[in-house]
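Asker: I have a structure here, written as structure tokens, and I will follow up with some questions on it.
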Amino acid sequence: MRKLFCLFILFLALPLTAKEKFDTHEDWLDARGKKNFTRQLKQEIYDDKQPESYLELGKAYLSGYGVKKNFSKAKKYLKKASRTGLREADVWLASFPYFLPEKKQKPALQKKSFEQMLALAQEDIPTAQYFVAYYYFRGIGTQENDEASFKWLTRAATAPLPETAAQNQLAKFYYEGYPPYIATDKQKAFELFLSAAESENKFACYHVAKLYLNGEGTEKNERRAFHFMRLSALQKYIPAQMALSELYQNGTGVKQDDYGAFKWMYEAAKQGNAEAQEKTALNYLHGNGIPKSHKEALSWAEKAQKNGGQNAEEIIRQIKEDL
């Protein structure tokens, strides 16, 4: 059953793989995107010295989000946030062993991290409750305990100001089911994803869109599906960008638009997705939504080939034959 924990960046429709992570930490990070992320935060700190800016910058350095990991800078900014009384900063300070390289993750450090995190979770801090759920599930600093894990996960997801990552993870459990603790309940999964999507979380928006498209846990609604898929795609979430391209291509929830289909597949291709690069090459080859260009088609097909695209070699052959 432990294989049910897989990254949210996977499609719900994909078969589950071996147990990997409870979740990525991206749910916790600022939704403004990686570009100029630290520059924006440093400007905010210079302008108003808000504790939240110190917190976000510390998290960025800790996780390597939009900037090279730097544990000393992470600790510096998180301690500044902590000194203002921002308790969430203490959560991230306690989480350091989670982000350390594997060779530095010593049992004593993990045990101390768990104890600190549990104390913070008991203060009803949702982020700490989420970490505790993760630690219990993976046996970090404590014995594995699925029952305790789900208890803390539920508390984090249903808090007055819920932890978005916990909502997403709990929603996935309700979607798939995790007996004997959680029975499959797609309506509950939809409600949790929808609640998380209210903050425009890219993972939640993507899953809400998929559920609306398939009519799972809610009535089928293609217009709503398009709305949430677009919200996710705008945050540069590759699966959403590719799915949005298909919605434009098929006229699902939106007027059919070849250029819209090209544009969003191109956005995913620019981020290095091999499949999107292959499809962009074909769009240039056939003039789908964009004027034909053998030069651009070949360029994107070669990029896809370098990135391991399974069909890139055949696409390159097609392009050369069409010259």
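This note's numbering puts the first residue of the sequence shown at 33, with every later residue one more than the last.
Beta carbons are placed, not taken as given, at the ideal position from N, Cα and C, and that holds for glycine.
Can we count E208 as close to the ligand FMN, meaning its CB is less than 6 Å from some heavy atom?
Answerer: With respect to small molecules bound, the structure shown includes none, and the ligand FMN cannot be examined in it.
Asker: Using the Cα positions of E353 and D217, report the straight-line distance between them to the nearest angstrom.
Answerer: Mapped onto the sequence shown, residue 353 falls at position 321. Mapped onto the sequence shown, residue 217 falls at position 185. If I take the Cα positions, the gap works out to 52 Å.
Asker: Using only CA atoms, which one of Y162, K220, Q303, S277 lies nearest to N320?
Answerer: Along the sequence shown, read from residue 1 onward, the residue named residue 320 stands at position 288. Comparing Cα positions, the closest option is S277.
Asker: Should A198 and S181 be called a contact, given that it needs their Cβ atoms to be closer than 7 Å?
Answerer: In the sequence shown, residue 198 corresponds to position 166, counting from 1. In the sequence shown, residue 181 corresponds to position 149, counting from 1. No, these two residues do not count as a Cβ contact at 7 Å.
Asker: What's the C-alpha gap between K144 and K101?
Answerer: Sequence index remark: in the sequence shown, residue 144 carries index 112 (1-based). Sequence index remark: in the sequence shown, residue 101 carries index 69 (1-based). Approximately 22 Å between the Cα atoms of the pair.
Asker: Buried or exposed: where does F239 fall if 16 or more other Cβ atoms within 10 Å of its Cβ makes it buried?
Answerer: Within the sequence shown, the letter at position 207 stands for residue 239. Per the sequence shown, residue 239 should be read as His rather than Phe. Answer is buried; the Cβ neighbour count reaches 16.
Asker: At what residues does the alpha helix (DSSP H) containing G285 begin and finish?
Answerer: For the purposes of this step, residue 285 is taken as residue 253 along the sequence shown, with counting starting at 1. Premise fails: G285 is in no alpha helix (DSSP H) and is neither H nor E.
Asker: Does DSSP classify Y291 as helix, strand or coil?
Answerer: Counting from 1 along the sequence shown, the entry for residue 291 is found at position 259. Helix.
Asker: Using DSSP with H/G/I as helix, E/B as strand and the rest coil, what is Y210?
Answerer: Here residue 210 refers to the residue found at position 178 of the sequence shown. Residue state, collapsed to three classes: strand.
Asker: CB-CB under 7 Å to F131, same chain, minus the five flanking residues each way: which ones, in chain order?
Answerer: Indexing the sequence shown from 1 puts residue 131 at position 99. If we look at F131 and ignore the five residues flanking it on each side, its Cβ neighbours are L94, S95.
Asker: Between the beta-carbon of Y228 and the beta-carbon of N253, is there less than 7 Å?
Answerer: The count along the sequence shown starts at 1 and reaches residue 228 at position 196. The count along the sequence shown starts at 1 and reaches residue 253 at position 221. Reading off the sequence shown, one finds Ala at residue 228, where the question assumed Tyr. For A228 and N253, no; Cβs fall outside 7 Å.
Asker: Contact check, R187 vs Q161 under 8 Å by CB: the rounded distance?
Answerer: Residue mapping note: residue 187 aligns to position 155 of the sequence shown, counting from 1. Residue mapping note: residue 161 aligns to position 129 of the sequence shown, counting from 1. Their Cβ separation, rounded to whole angstroms, is 5 Å, which keeps R187 and Q161 in contact under 8 Å.
Asker: Run the CB neighbour count on Y269, radius 10 Å, all protein chains shown included, and call it buried at 16 or more, exposed below.
Answerer: For this step, residue 269 is matched to residue 237 along the sequence shown. It is buried - the Cβ of Y269 has at least 16 other Cβ atoms within 10 Å.
Asker: Going by beta carbon distance, what residues of the same chain come within less than 7 Å of A215, once the five residues before and after it are set aside?
Answerer: Position 183 of the sequence shown holds residue 215. Around A215: G209.
Asker: Going by DSSP, what residue range makes up the alpha helix (DSSP H) through P158?
Answerer: Here residue 158 refers to the residue found at position 126 when the sequence shown is read from its first residue. Start and end: 158-170.
Asker: Residue ranges of each alpha helix (DSSP H) run of no fewer than 4 residues wholly in the segment 230-276, ordered along the chain?
Answerer: Correct list: 234-246, 254-265.
Asker: Once DSSP output is grouped into helix, strand and coil, what is the label at Q309?
Answerer: Along the sequence shown, read from residue 1 onward, the residue named residue 309 stands at position 277. In the structure shown, Q309 sits in a helix (DSSP, three-state: H, G or I).
Asker: For I322, which three-state DSSP category applies?
Answerer: Indexing the sequence shown from 1 puts residue 322 at position 290. Coil, per DSSP.
Asker: In whole angstroms, give me the CA-to-CA distance for N282 and T190.
Answerer: Translated into the one-based positions of the sequence shown, residue 282 becomes position 250. Translated into the one-based positions of the sequence shown, residue 190 becomes position 158. Taking the straight line from one Cα to the other gives about 37 Å.
Asker: Measuring CB to CB, does A301 end up less than 7 Å from Q288?
Answerer: Mapped onto the sequence shown, residue 301 falls at position 269. Mapped onto the sequence shown, residue 288 falls at position 256. Result no, Cβ atoms of A301 and Q288 do not sit closer than 7 Å.
Asker: Identify whether Y97 lies in helix, strand or coil by the three-state DSSP scheme.
Answerer: Here the question's residue 97 lines up with position 65 in the sequence shown. Residue state, collapsed to three classes: coil.
Asker: Short of 6 Å in beta carbon distance, which residues of its chain neighbour A272, apart from the five on each side in sequence? Order them along the chain.
Answerer: What you label residue 272 is simply residue 240 of the sequence shown in a count that begins at 1. Excluding positions up to five away in sequence, the list reads Y238, M261, S264, A265.
Asker: Ends of the alpha helix (DSSP H) at T186?
Answerer: As a working mapping, residue 186 is identified with position 154 in the sequence shown. Note, T186: alpha helix (DSSP H), 178-189.
Asker: Applying the 10 Å Cβ sphere with the 16-neighbour rule, what's the burial state of L193?
Answerer: Here residue 193 corresponds to residue number 161 of the sequence shown, with the count starting at 1. By the 10 Å Cβ count, L193 comes out exposed.
Asker: Considering only residues of the same chain and omitting the five flanking positions on each side of R349, which have a CB-CB separation below 8 Å?
Answerer: Start at 1 with the first residue of the sequence shown, and residue 349 comes out as number 317. There are no such residues.
Asker: Taking the alpha helix (DSSP H) that K361 falls in, what are its first and last residues?
Answerer: This structure gives no information on residue 361, because the portion of the chain shown stretches from 33 to 355.
Asker: Which residue marks the beginning of the alpha helix (DSSP H) containing P139, and which one marks its end?
Answerer: As a working mapping, residue 139 is identified with position 107 in the sequence shown. Counting along the chain, the alpha helix (DSSP H) containing P139 begins and ends at 139-153.
Asker: Assuming Q350 is part of the alpha helix (DSSP H), what are its boundary residues?
Answerer: Here residue 350 refers to the residue found at position 318 of the sequence shown. Looking at the DSSP string, the run of the alpha helix (DSSP H) that includes Q350 is 344-354.
Asker: Hey, out of K183, E179, G90, F128, whose CA is closest to Q154's CA?
Answerer: The residue labelled residue 154 in the question sits at position 122 within the sequence shown. Comparing Cα positions, the closest option is K183.
Asker: Name the residue from G341, L141, L317 whose alpha carbon lies nearest to the alpha carbon of A306.
Answerer: As a first step, residue 306 must be located in the sequence shown, where it is residue number 274. That would be G341, whose Cα lies nearest to the Cα of A306.
Asker: Taking DSSP as the reference, what is the three-state secondary structure of E195?
Answerer: Working through the sequence shown from its first residue, we reach residue 195 at position 163. Coil.
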